[in-house]
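Going by the numbering used here, the sequence shown opens with residue 7, and the numbers climb by one from there.
No residue lacks a Cβ here, since even glycine has one placed at the ideal position from N, Cα and C.
Below: the structure, in structure tokens.
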Amino acid sequence: MFEVGFSELLMVGLVALLALGPDKLPKAAREAGFWLGRLRQISASVKAEIQQELYAEEVRQMLRREESELRNILDETERDIAETLAAVEPEAQSPGKPHEPNT
């Protein structure tokens, strides 16, 4: 993210040493490290939540597509069954030869 070289770090250290003094500098450095760690932890947590939500949304969209495809298959199957029944019923109702059982 930020590219900080050795010279920049040295300058920040010198300014902090002059501003805080040698006795307060270690405590300030520990506290700054603590807060930097907390910030990274929070940032990682938020990033993980966002990725989880994006994954969940992808799964929802995939399920919607699959549901749509299944509904289309079901509709086609129902139409085929209706056509088959419509074709079979007139044959059963036609006054043709009486049906002889197979013996």
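inquiry  = If you measure between the beta carbons of L31 and L20, is that distance less than 8 Å?
reply    = no
inquiry  = Assuming the contact rule is C-beta atoms closer than 8 Å, A34 and L26 should be a hit. Round their C-beta distance to whole Å, please.
reply    = 5 Å
query = What is the residue span of the alpha helix (DSSP H) that G19 lies within?
reply = Here the alpha helix (DSSP H) through G19 covers F12 to L26.
query = How many angstroms separate the CA atom of R71 from the CA atom of E89?
reply = 27 Å
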